Each structure stands twice: as C-alpha cells, then as structure tokens.
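Take the sequence shown: its letter number 39 is residue 53 in this note's numbering, and every next letter is one higher. Reading through the structure tokens given below for one structure.
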Amino acid sequence: MSLYINQNSSLGTLKPIYVTSLNLSTFLLLILGISIILFTSIIFSVIIQYLESKMFLAAKELRFEDAAYLRDKIKDIKEI
15 MSLYINQNSS LGTLKPIYVT SLNLSTFLLL ILGISIILFT SIIFSVIIQY LESKMFLAAK
75 ELRFEDAAYL RDKIKDIKEI
C-alpha cells in the first residue's frame with residue numbers, strides 16, 4: 015500500500031510513502047480523517063460560493079460596505 019503526501023512546500027509535488035503493514039483501527043482512523051477533510055472542504059466551498067454570490071449582489075446594488083464585509087469573510091474562510 016502506498017500513501018501520497020506533499021513532502022515539500024511546492025504544491026502539486028506528491029511523493030509516495032510505502033506502508034507495509036497497517037492494522038484495521040489505524041486504517042479506519044485514516045479513512046475517517048480523509049472523510050472529515052473532504053467533507054470540510056466541500057462545506058467551505060459551498061459557503062464561499064454562497065458568500066460570493068451575496069457579495070456580487072451587494073456590489074451590484076451599490077451596497078459597498080456589505081460587499082467589503084463579505085469579501086473579508088470570504089478571505090478569512092479561505093485562510094483556514
């Protein structure tokens with residue numbers, strides 16, 4: 015079995031790490047962790063899309079303070 019992780023700072027460079035033995039509980043924890051990460055990234059993506067649509071609408075309606083507030087919230091979420 016091989017796992018791929020990013021071993022250096024450049025994105026997109028993944029190197030395999032070979033695992034020769036993995037007990038069931040460790041495997042299940044690994045799957046759970048991956049599931050949580052995927053679920054969280056999907057939720058953040060949906061929230062960002064929603065906030066961006068609200069931001070563009072606020073800007074279109076000339077509510078620039080509201081648009082700036084939403085822009086800052088989107089930036090905060092993306093930094094998580």
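Each residue gets a CB set at the ideal place from its N, CA and C atoms; glycine is no exception. This structure is a prediction, so every number in the text was calculated from the model and none was measured.
Asked	Found
Coarse secondary structure for L71, derived from DSSP in three states	helix
Contact check, L65 vs I91, beta carbons under 9 Å	yes
Test item: CB-CB of Y46 and L36 under 9 Å	As written in the sequence, residue 46 is Leu, which differs from the Tyr given in the question. In this structure, L36 does not lie closer than 9 Å to L46 by Cβ.
Rounded separation between T40 and S49 - CA only	14 Å
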